[in-house]
Structures are given as structure tokens and as C-alpha cells.
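Asks: Each position in the sequence shown, counted from 1, maps to that position plus 43 in our numbering.
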Amino acid sequence: LAPEVVQTIAAGGDRDVFARGLPVEPDAAYHGWSYRNCWWYTHNAHAAYTGIGINGQWLYIDPAAEMVLVMQSSNPLADDATIDDVLLRAFHAIARELRAV
Numbered sequence: 044l045a046p047e048v049v050q051t052i053a054a055g056g057d058r059d060v061f062a063r064g065l066p067v068e069p070d071a072a073y074h075g076w077s078y079r080n081c082w083w084y085t086h087n088a089h090a091a092y093t094g095i096g097i098n099g100q101w102l103y104i105d106p107a108a109e110m111v112l113v114m115q116s117s118n119p120l121a122d123d124a125t126i127d128d129v130l131l132r133a134f135h136a137i138a139r140e141l142r143a144v
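Right under this line is the structure:
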């Protein structure tokens, strides 16, 4: 991809618009996130963002940790907030460890 395309993707979306659009609890996995151009943005310290597919498909990109994590799975439900929360905690933990090395 051209650098300007990557910059556009990595820029993220409007967090206020996202917060108004989803019924997200303050401690939920997606609290403080945004969405733009089919990408979900964590706005965490690593500026991580992710593509999320149906039934557990993930492409998680953490620029600070220089990590791209690909997960392929077949969850019984198309969307499961409990599983998402566990996975995101694991992805963040892996990135933190890589960043510490």
C-alpha cells in the first residue's frame, strides 16, 4: 500500500461519534475506541487498530510493538462481547511484552 493510504487507515475515526453510536459500558472492551473505513481503533498508547470479521476473525495491528496478529477461528456466535474482551486483553498483553523486549 502507498504510505498515504496506510496513514489514512492508521489515523482512526471520531471517538465521540463512536461513543454515541454504540451502547458501550465504560469498562467494555470497545470503550474509547473509534471506527473508520472498516477498521476499529483502540486509541491506546500503542495506537493499535484492528480489522474484525464475523465469528472470530481478527487482524490486529500494533505499530508500537511492530506486531501484526492474525487470528482465524470459527466461534459459534457471529459476535460475542465476552470473547472479544478476553481476546483484546490477550492481544494487548502480547503487544506489551513485545514492546518491552
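From the three backbone atoms N, C-alpha and C, an ideal C-beta is built for every residue, glycine too.
On a predicted model such as this, the values are computed, not experimentally measured, just so you know.
(1) Name, in chain order, the residues that DSSP records as bridge partners for Arg-79.
(2) Taking 8 Å as the cut-off, does the region 72-83 touch the region 107-123 (at least 3 CB pairs, one atom from each stretch)?
(3) Can you pull the DSSP bridge partners for Val-105?
(4) By a C-beta neighbour count over all protein chains shown, 10 Å radius and 16 as the cutoff for buried, is His-89 buried or exposed?
(5) Provide the residue(s) that pair with Tyr-92 in DSSP beta bridges, ordered along the chain.
Replies: Reading from the atomic positions:
(1) Its beta-bridge partners are Trp-82.
(2) No contact exists between the region 107-123 and the region 72-83.
(3) It should be pointed out that residue 105 corresponds to Asp in this sequence rather than to Val. Asp-105 is bridged to Met-110.
(4) His-89 should be labelled buried.
(5) Tyr-92 pairs with Tyr-84 and Ile-104.
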